[in-house]
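Residue numbers (the working numbering), protein chains in the order written: chain G, 95 to 678; chain F, 11 to 366.
Following this line, the structure appears as structure tokens:
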């Protein structure tokens, strides 16, 4: 079923109209007027996996009669035994001579050759037949390690190339670091790379596509397969979270399996699901369809497809604005009198799930919590309790040897403790909206790095004093700052000025609150604390918008945002003021 | 022009300013010929290091004062390279193994081995052993301490250890029993005063007795700090006046302001500000343990007697946490929040008591 999906017309694409138009325009302008323009042009398409990037290109290319030449990573090892045999059939046999060299070299060769080849054809043939684009979906691994290599090749390509080049890069959930790494802003500007980013397929259009497929299939197979009803389709749509490929895969699976969809939604063991898939495969063959069963299904835990992952922003929100179920008639007797202050309504969220879905380690999540929890509390007693839980959590996960097991407990203690100790939201009824509050990135990583650096620098610079670090940092340096001592060298003086003196003003100038945008993935792993905290660096390239942090993805989140977002103008204004103050 | 602390550091046992009996005992020890491993302990600024250097000079003569700073790199069995700074003369080697963090065991073993394996050149005129001076032994990991214990015995023939630490409580018993332990107590206020006046006299300055006393008290009898303070006073104002304000370090002032901020208002927003201040202190290389200690002493002086026990208990609890945990800020903040909560409750109770 997977095979018959590639659409024939652009109207059938599930991708948003505007996006398709955008791509189409680009193709038209760059393929059509190729002769006039000297040099190749590059299009970069990004988006989550399965949102139809490749399909868009294929369909559009077919419509306009453009030939697509695709780059596929050569698998070097497999070409030794059956080489001769394969060479005859390999569509890219012309490149076989390069298998010995590194992948990146092959890639370069491919680009340049494909280029030349099209040139030749153009000279000989009519222009229409020679229309051609190069499509690159997966890049040789080498480039992830040395992006500059790729940039060099691209520069050369732009200089000499004639036909447009299209890159397709999937954003992974753990961050769109790939695209950022391979195509940084300056390169994009320099090479005139046009970037089109795709959003996940909207549920409605996904639903449309799915029901169309179902009806087509039903008519073709003549009742052989069970037609899933509408509710099932909706379930599939929400389960796949905008990944059209996985949605279709699971549709196929659910229509083949005899059980009802709800039943098959249970997490399947790997073996079981693969036998099911095999069964489905044989059935599919008996129907005369190709037996292309996606192996991807095995990896999926439930037929429902991907787990809906949460963006960090929303995950934090879930914990901090904890939602509680409205109080129902107490079936169990309430807590005894001395414990009544611990009475809480049942939670609507499962904290462990939230942490898990945020794709971060528990410690890092705790850091984010710690940075942000202050604004959600009104009573200092609650704060004391919450901070105690955080301290407990840190203590739990501190031991290096047991860290992997204790980590979960640590985050559980922190999140649940945080929720429990916020008394102002103990009951569903007492939930007055605190309104929207901007969240920030934790400072701790930056601070601890700075602390370590400074300590090291202090020891390196003042080694001649033969002092222990503690007395060096707490006694000698501060007094040196007060003495006018001409003997020091420049580095020492600068360091003393920096470290020995504290600004005795009201607001420390060093800390800048970094607003956390909702799309911000928790990129850094905590284990890399010794290395550079990448959050700091990766966020540096984002525009630092101090105000409401939600500007980019705000509109499409509006509908699904569970938090009360009534206008809280005074609050926000105050927030801005504080931030600006600490910036200046 | 070097600092007064370094400029007027006594260089021989006979020139030491205080604890003269102890100095005499050291002298006898050296003359006795058989020199044991030493462990010198005592609070910071009591003159441990000065004493040790005097002792070394007594042992080897003026040659120990020709110091050179070496940057050594040691390869651990796990192929990890460890870089460490050492200070050495021809006769001794000083190292702070806790600089190496977790791999201090390797540092201890390797350095002592290299020192012990090289023989003294002129055994006829010189001592037949070299000295390795290890500082901050109480911050060594247990692992390293056990390694040290074995190494101490093995190379006894060619090498003596002098261990220097603040407290023996963190040193394992086997090491303690292998060393001659010598405690160097803090000088008394009078002794600090006399040192200060003599230093000032050598500088050609007149230091009023009152001021000297104030400095001595303010420095907590830490002689190094006292001398630094005195020099800062000199920069600030000369001739000295009796009621002159004694300069404090910036971080102490900052910490006091932080404590005042905590006491004056207890609210989440204030906690947030305090957190920013704590971060600021940390970036200025003030270790978290010092921060919590300073905070406690400031807070204790600010709060009522009933609360003091509680506050101290809390502080101990969170400092323990600080040692066990990973990220200091959690524990510092938890301490501050807890204090705020207790203090606020206490104040509210007090108000109610006044109303009724």
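In this text, a Cβ means the ideal position worked out from N, Cα and C, and glycines have one as well.
It should be emphasised that the depicted structure is a prediction, and the values quoted were computed from it without experimental measurement.
Buried/exposed call for residue i, threshold 16 Cβ in 10 Å
{"i": "residue 72(F)", "result": "exposed"}
{"i": "residue 205(F)", "result": "buried"}
{"i": "residue 230(F)", "result": "exposed"}
{"i": "residue 81(F)", "result": "exposed"}
{"i": "residue 246(G)", "result": "exposed"}
{"i": "residue 128(F)", "result": "exposed"}
{"i": "residue 444(G)", "result": "exposed"}
{"i": "residue 491(G)", "result": "buried"}
{"i": "residue 211(F)", "result": "exposed"}
{"i": "residue 46(F)", "result": "exposed"}
{"i": "residue 294(F)", "result": "buried"}
{"i": "residue 298(F)", "result": "buried"}
{"i": "residue 104(F)", "result": "buried"}
{"i": "residue 253(F)", "result": "exposed"}
{"i": "residue 504(G)", "result": "buried"}
Residues near residue i by beta carbon distance below 6 Å, same chain, minus five either side
{"i": "residue 237(F)", "result": "14, 15"}
{"i": "residue 26(F)", "result": "20, 33"}
{"i": "residue 99(F)", "result": "74, 76, 77"}
{"i": "residue 461(G)", "result": "536, 538"}
{"i": "residue 68(F)", "result": "23, 40"}
Same chain, Cβ closer than 8 Å to residue i, five either side skipped, listed in chain order
{"i": "residue 306(F)", "result": "321, 322, 325"}
{"i": "residue 248(F)", "result": "215"}
{"i": "residue 207(F)", "result": "217, 219, 222"}
8 Å Cβ cutoff, residue i in contact with chain F
{"i": "residue 477(G)", "result": "yes"}
{"i": "residue 572(G)", "result": "yes"}
{"i": "residue 544(G)", "result": "yes"}
{"i": "residue 482(G)", "result": "yes"}
{"i": "residue 474(G)", "result": "yes"}
{"i": "residue 492(G)", "result": "yes"}
{"i": "residue 153(G)", "result": "no"}
{"i": "residue 448(G)", "result": "no"}
{"i": "residue 640(G)", "result": "With a pLDDT of 37 at residue 640(G), under the threshold of 50, the modelled position of that residue is not reliable, and the figure given next carries that caveat. Taking Cβ atoms only, chain F never reaches closer than 8 Å to residue 640(G), which makes this a no."}
{"i": "residue 616(G)", "result": "Since pLDDT at residue 616(G) reaches only 39, below the 50 mark, its modelled position is unreliable, and no value is offered."}
{"i": "residue 459(G)", "result": "no"}
{"i": "residue 496(G)", "result": "no"}
{"i": "residue 246(G)", "result": "no"}
Those residues which DSSP pairs with residue i across a bridge
{"i": "residue 104(F)", "result": "97(F), 143(F)"}
{"i": "residue 7(F)", "result": "Absent from the structure is residue 7(F), since the part of chain F shown begins at 11 and ends at 366."}
{"i": "residue 33(F)", "result": "DSSP, once it has assigned bridges, lists no residue as partnering residue 33(F)."}
{"i": "residue 191(F)", "result": "49(F)"}
{"i": "residue 175(F)", "result": "51(F)"}
{"i": "residue 170(F)", "result": "141(F)"}
{"i": "residue 78(F)", "result": "98(F)"}
Residue-chain proximity (residue i, chain G), Cβ-Cβ < 8 Å
{"i": "residue 274(F)", "result": "no"}
{"i": "residue 45(F)", "result": "no"}
{"i": "residue 260(F)", "result": "yes"}
{"i": "residue 151(F)", "result": "no"}
{"i": "residue 295(F)", "result": "yes"}
{"i": "residue 90(F)", "result": "no"}
{"i": "residue 277(F)", "result": "yes"}
Cβ shell of residue i (< 7 Å), same chain only, five flanking positions each side left out
{"i": "residue 119(F)", "result": "157, 161"}
{"i": "residue 512(G)", "result": "413, 463, 467, 480, 483"}
{"i": "residue 169(F)", "result": "122, 125, 126, 139, 140, 142"}
Which of helix, strand or coil DSSP assigns to residue i
{"i": "residue 244(F)", "result": "helix"}
{"i": "residue 231(F)", "result": "coil"}
{"i": "residue 534(G)", "result": "strand"}
{"i": "residue 313(F)", "result": "coil"}
{"i": "residue 331(F)", "result": "helix"}
{"i": "residue 467(G)", "result": "helix"}
{"i": "residue 64(F)", "result": "helix"}
{"i": "residue 124(F)", "result": "helix"}
{"i": "residue 258(F)", "result": "coil"}
{"i": "residue 295(F)", "result": "coil"}
{"i": "residue 556(G)", "result": "coil"}
{"i": "residue 197(F)", "result": "coil"}
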